[in-house]
Amino acid sequence: MTQPAAGPPTPTGAQAFAWIPRAVIVIALLYLFLVGVSSLEAGIKALGADFQEGLLERVDHPVAGLFAGILATVLVQSSSVSTSTIVGLVGAGTLTVDAAVPMIMGANIGTTVTSTLASLGHVRRGDEFRRAFAAATVHDIFNVIAVLIFLPIQLGTGFLSDTAEKLADFLAGSGVEGGKADSPVKTFVKEPVSWAEDVFSSVTDSDRVLGGLLMVFGLALIFLALTFITKSMRLLIADRVERAMNSLISRGAGVPGLAVGLVMTVAVQSSSITTSILVPMVGAGVLTLRNAFPVTLGANLGTTVTALLASLAVDLRAGLVVALTHSLFNLFGILVIYPIPAVRQIPVQLAERLARTASRNYLLVGAYVVGSFLVVPMVGLVLFG
Numbered sequence: 000m001t002q003p004a005a006g007p008p009t010p011t012g013a014q015a016f017a018w019i020p021r022a023v024i025v026i027a028l029l030y031l032f033l034v035g036v037s038s039l040e041a042g043i044k045a046l047g048a049d050f051q052e053g054l055l056e057r058v059d060h061p062v063a064g065l066f067a068g069i070l071a072t073v074l075v076q077s078s079s080v081s082t083s084t085i086v087g088l089v090g091a092g093t094l095t096v097d098a099a100v101p102m103i104m105g106a107n108i109g110t111t112v113t114s115t116l117a118s119l120g121h122v123r124r125g126d127e128f129r130r131a132f133a134a135a136t137v138h139d140i141f142n143v144i145a146v147l148i149f150l151p152i153q154l155g156t157g158f159l160s161d162t163a164e165k166l167a168d169f170l171a172g173s174g175v176e177g178g179k180a181d182s183p184v185k186t187f188v189k190e191p192v193s194w195a196e197d198v199f200s201s202v203t204d205s206d207r208v209l210g211g212l213l214m215v216f217g218l219a220l221i222f223l224a225l226t227f228i229t230k231s232m233r234l235l236i237a238d239r240v241e242r243a244m245n246s247l248i249s250r251g252a253g254v255p256g257l258a259v260g261l262v263m264t265v266a267v268q269s270s271s272i273t274t275s276i277l278v279p280m281v282g283a284g285v286l287t288l289r290n291a292f293p294v295t296l297g298a299n300l301g302t303t304v305t306a307l308l309a310s311l312a313v314d315l316r317a318g319l320v321v322a323l324t325h326s327l328f329n330l331f332g333i334l335v336i337y338p339i340p341a342v343r344q345i346p347v348q349l350a351e352r353l354a355r356t357a358s359r360n361y362l363l364v365g366a367y368v369v370g371s372f373l374v375v376p377m378v379g380l381v382l383f384g
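Letter by letter, the sequence shown follows residues 0 to 384 in numbering that gives the first Met the number 0.
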């Protein structure tokens, strides 16, 4: 009598719950991230009004703010870190929402450098490099187009920040005294910051030094927490990511691709990881650029969750407003560009043309990366800052 084929082994009880310790670690890291944002905010306040006014003067011009956002994100290689820092600055009252919005838009552009650098690993393989470079730069081009559309609209009408303000009223209420945000999370993360402040106060009598120490402590916690959250979540969902991508290929992307990019990025807290996974897949010809494009857009929207989390730890409701502005900017960018086929093809076609040119002259690749992400932002800061 023929025995039925054995199916996949059933996980034991220990295997079935093996994810729990890592999930607990992720929750602890999220708490440390919020403590970091709160510490950054406390440090900014301790530095005093002179520091805050000086910072505002340096980024008062919206173009300077845009380039500052690009450069800051390129230097830390994470839009999550830079946008969380911006939310902390707004939450402390150091930056206005209007000054922060161009910086958030710049962070959106700056984060694309990671996938562009990932494509350079294919540089010696002709057609493979051309496909990979197109997959990387379509993200750059989409974000630049979105900024060209929405930055003038924001500056002229305040559309994004006004919409975010109304949404914040709906979510948090408009009757909060002094515009201060009030949440159990904020209260919960303040205690470790008070301990850190006591420790640092014991070694210095200077408010400036105390503020600097709290800022460094906060930025270190933000960076380390997000780094380890990303690594932990990648281990937790690595197999699911592969299955989702395979399913995506069979369905031909579109809205499912947007959903995959969104969920994956929220899970790993990094759009750079999502887009960097796509680059070698497109380079190898496993996924077409047109099918990868919606995944990139979903990742763009998913990365805004980090700023929303950061807004839970700040004092002023303006922190929530700027975080919502970030989400709305990416959402409206998708709604304006993606649904119309002719418009949707513009970033894809421009990326393909740029990739064809780059594949014929590799010196242009270096000029593009260095020029777009370092030289232009630095020159822009000098001219407009």
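Beta carbons are placed, not taken as given, at the ideal position from N, Cα and C, and that holds for glycine.
Quick check: what's the CA-CA separation for Ile336 versus Phe149? As a working mapping, residue 336 is identified with position 337 in the sequence shown. As a working mapping, residue 149 is identified with position 150 in the sequence shown. Rounded to the nearest angstrom, the two C-alpha atoms are 12 Å apart.
Cα-Cα separation, Val263 to Gly256: Walking along the sequence shown from the start, residue 263 turns up at place 264. Walking along the sequence shown from the start, residue 256 turns up at place 257. A small correction: the amino acid at residue 263 is Met; Val does not occupy that position in the sequence shown. Between Met263 and Gly256, the C-alpha separation is close to 10 Å.
Proximity winner among Leu319, Val368 and Val374, relative to Leu166 (alpha-carbon distances): As a working note, residue 166 is residue 167 in the sequence shown. Among Leu319, Val368 and Val374, the Cα nearest to that of Leu166 is on Leu319.
What residue from Ala106, Ser77 and Thr156 has the CA that sits closest to Ala224's CA? Locating residue 224 in the sequence shown gives position 225, counting from the first residue. Nearest option by C-alpha distance: Ser77.
Give the DSSP-derived three-state secondary structure of Leu286 in the structure shown. As a first step, residue 286 is located in the sequence shown; it is residue number 287 there, counting from the start. Looking at Leu286 - three-state DSSP - the assignment turns out to be coil, as it is neither helix nor strand.
Pull the bridge partners of Leu147 from the DSSP assignment, please. Along the sequence shown, read from residue 1 onward, the residue named residue 147 stands at position 148. Leu147 pairs with nothing; no bridge assigned.
Can we say the stretch 356 to 367 touches the stretch 189 to 197, given the rule of at least three CB pairs closer than 8 Å? no
Using the three-state DSSP reduction, which class does Leu94 fall into: helix, strand or coil? Taking the first residue of the sequence shown as 1, we reach residue 94 at position 95. Here Leu94 sits in coil by DSSP.
Going straight from the alpha carbon of Gly120 to that of Phe169, what length do you get? Taking the sequence shown and counting its residues from 1, one reaches residue 120 at position 121. Taking the sequence shown and counting its residues from 1, one reaches residue 169 at position 170. The alpha-carbon atoms of Gly120 and Phe169 are separated by roughly 47 Å.
First through last residue of the alpha helix (DSSP H) which encompasses Pro255: Here residue 255 refers to the residue found at position 256 of the sequence shown. That run of the alpha helix (DSSP H) goes Val254 to Val267.
Along the chain, where does the alpha helix (DSSP H) containing Arg123 start, and where does it finish? The sequence position of residue 123 within the sequence shown is 124, counting from 1. That residue, Arg123, is in no alpha helix (DSSP H); it is neither H nor E in DSSP.
Quick check on the DSSP output: the alpha helix (DSSP H) that includes Pro338 runs from which residue to which? Taking the first residue of the sequence shown as position 1, residue 338 is located at position 339. Premise fails: Pro338 is in no alpha helix (DSSP H) and is neither H nor E.
Beta-carbon proximity list for Ser118, same chain, < 6 Å, skipping 5 on both sides: Taking the first residue of the sequence shown as 1, we reach residue 118 at position 119. Around Ser118: Ala131, Phe132, Ala135 and Val278.
Write down the C-beta distance between Leu159 and Val100 rounded to the nearest angstrom, noting that I regard them as a contact closer than 8 Å. Along the sequence shown, one-based indexing puts residue 159 at 160. Along the sequence shown, one-based indexing puts residue 100 at 101. Going by Cβ atoms, the distance from Leu159 to Val100 rounds to 6 Å, so yes, they are a contact pair.
Less than 7 Å between the C-beta atoms of Ala106 and Thr82, yes or no? For the purposes of this step, residue 106 is taken as residue 107 along the sequence shown, with counting starting at 1. For the purposes of this step, residue 82 is taken as residue 83 along the sequence shown, with counting starting at 1. Closer than 7 Å, so yes.
Just checking, does the stretch 327 to 342 make contact with the stretch 281 to 288 on the three C-beta pairs under 8 Å criterion? no
Inspect the beta-carbon positions of Gly210 and Ala45 and report whether they are closer than 7 Å. To locate residue 210, count along the sequence shown from 1; it is residue 211. To locate residue 45, count along the sequence shown from 1; it is residue 46. In contact: Gly210 and Ala45 (Cβ atoms closer than 7 Å).
Out of Val36, Arg129 and Thr95, which has the shortest C-alpha to C-alpha gap to Ala350? Locating residue 350 in the sequence shown gives position 351, where the first residue counts as 1. For Ala350, the nearest C-alpha among the options comes from Arg129.
Under a three-way DSSP split, which group does Gly87 fall into? Taking the first residue of the sequence shown as 1, we reach residue 87 at position 88. DSSP places Gly87 in helix when its eight states are reduced to three.
Just to confirm, is the Cβ distance from Met214 to Gly109 under 7 Å? Walking along the sequence shown from the start, residue 214 turns up at place 215. Walking along the sequence shown from the start, residue 109 turns up at place 110. No, they are not a contact pair.
Can you tell me whether DSSP reads Gly174 as helix, strand or coil? What you label residue 174 is simply residue 175 of the sequence shown in a count that begins at 1. Low confidence applies to Gly174: its pLDDT is 44, below 50, so where it sits in the model is not reliable, and the reading given next is rough at best. Coil.
Using DSSP with H/G/I as helix, E/B as strand and the rest coil, what is Tyr367? The residue given as residue 367 occupies position 368 in the sequence shown. It is helical.
Gln153 by DSSP, collapsed to three states: which one? The count along the sequence shown starts at 1 and reaches residue 153 at position 154. DSSP places Gln153 in helix when its eight states are reduced to three.
Proximal residues to Thr162 (C-beta, below 7 Å), its chain only, five neighbours per side dropped: By 1-based counting over the sequence shown, the position of residue 162 is 163. Closer than 7 Å at the Cβ level, and outside the excluded window around Thr162, lie Leu327.
Grab the span of the alpha helix (DSSP H) containing Thr113 for me, first residue to last. Locating residue 113 in the sequence shown gives position 114, where the first residue counts as 1. Val112 to Ser118 is the extent of the alpha helix (DSSP H) around Thr113.
Cβ-based burial, Ser193 [other Cβ within 10 Å; buried from 16]: Numbered from 1 along the sequence shown, position 194 holds the residue referred to as residue 193. Exposed.
Please state the DSSP three-state secondary structure of Ser200. Taking the sequence shown and counting its residues from 1, the one referred to as residue 200 is at position 201. It is helical.
Of the listed residues Ile24, Tyr30, Gly92 and Met104, nearest to Phe331 (C-alpha basis): What you label residue 331 is simply residue 332 of the sequence shown in a count that begins at 1. Among Ile24, Tyr30, Gly92 and Met104, the Cα nearest to that of Phe331 belongs to Met104.
Taking just the CA atoms, how far does Ser38 sit from Leu29? Counting from 1 along the sequence shown, the entry for residue 29 is found at position 30. Counting from 1 along the sequence shown, the entry for residue 38 is found at position 39. In a straight line, the C-alpha of Leu29 is about 14 Å away from that of Ser38.
Check Asn360 in the structure and name its three-state DSSP category. Counted from its first residue, the sequence shown places residue 360 at position 361. If DSSP states are grouped into helix, strand and coil, Asn360 belongs with coil.
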